[in-house]
Structure formats: structure tokens, C-alpha cells
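Below is one structure, written out as C-alpha cells; the observations come after it.
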Amino acid sequence: GEIAVDSEKEMKIALFAGYNELNLNIGFLIEKRNCPVGIGTSSATIGHAISLGQADAVTVFGKNATLADGAATRIANLVKGADVEKSIKKALDAAEDIEGVFGVFISRDNKIGQVGKLPKIFKIEGDKKIVLKNKFEGL
1 GEIAVDSEKE MKIALFAGYN ELNLNIGFLI EKRNCPVGIG TSSATIGHAI
51 SLGQADAVTV FGKNATLADG AATRIANLVK GADVEKSIKK ALDAAEDIEG
101 VFGVFISRDN KIGQVGKLPK IFKIEGDKKI VLKNKFEGL
């Protein structure tokens, strides 16, 4: 999915990368200085969309949501192969060549990688299943 953020206030954006080996419980703090920004995430392991890669999550921060979404898909499709670290590095190298992309975060199995400028990363406290359930019930 993707989102566009242009806010005077800080916003917390949670990253759900599934229940993989890392069991990431993180989010990104979007500050006024980060805005405007487009955020796109693509995954081969969660969600309904088809991915040609094997990433649990590829999150892209870019100049707009359309670019971030397309870049996340393209980069996620490159994260594949038996060597997890090599697959992440290959995708991050390709990400650096995409104009308008500010930063990229990749999670696959028990490895992560990042390139460029990312917003501040914060830890989400609590059990992921309970946190997600409580958030959705409050909608």
C-alpha cells in the first residue's frame, strides 16, 4: 500500500512485515521536516498483491506516493534468491538509481537493510497481534 503525508504534526507510521524470524515491531516517525513524503510498501509474504520477489517488506520513502508505490514494487521484485543478504544488497543497489527516492528499508527472513535517508525508526511496544487487533477494533 501507499500513503502521502504532508503534516505540520508528527505522525507515527507502523510497519507490518508479517510474523517472520525478526518479528519486527517498528515504525517510522514522520516529522514536519520529512514532509511532504510518499510512502509505499510491497511484500511477497503478506497482503493480496502479487510480488515476484521474496521480501517480507520493502518500504520506500519518496517525493510522492505514486513513485514510492511503484519503486517499492520494483525493488521488492528484486529481493529473491537463496542468499538473503545478497538479495537485499542487490535491491538496495538498484534503489539508489531511482530518482525521487529518499530512502528504502528492506526486511527478509532474519535480515534487514536500508539505504538513503529514512525517518526516525522507533520500536512499537507490546505483542504485535494485540496491538494490531486493538488498532483495528478502534476504527
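Numbering (full-length UniProt numbering), first residue to last: 1 to 139. Beta carbons are placed, not taken as given, at the ideal position from N, Cα and C, and that holds for glycine.
K12 and I121 have their alpha carbons spaced roughly 9 Å apart.
Secondary structure in the segment 42-128: the alpha helix (DSSP H) runs of 4 residues or longer, each lying completely within the stretch, are 65-78, 84-95 in chain order. Around the beta-carbon of N34, 16 or more other beta-carbon atoms lie within 10 Å, marking it buried. Under the DSSP assignment, E8 falls outside any beta strand (DSSP E); it carries neither an H nor an E label. Looking from the CA of S42, the closest CA among E85, E8, L78 belongs to L78. With a threshold of 16 other beta carbon atoms within 10 Å, A49 falls short and is exposed.
Rounded to the nearest angstrom, the gap between the Cα atoms of E96 and V115 is 7 Å. Each residue's CA atom was taken as its position, placing F16 and D6 some 22 Å apart.
With respect to the C-alpha of E99, the residue from R74, K89, K117, G62 having the closest C-alpha is G62.
Residue nearest to E10 within the set K89, I75, K32 is K32 (criterion: CA-CA distance). The residues G38, I39, G40, T41, A65, T66, A68, D69, A72, in chain order, have a CB closer than 8 Å to that of E2 in the same chain once the five nearest residues on each side in sequence are set aside. F28 has I13, I121 as its beta-bridge partners, per DSSP.
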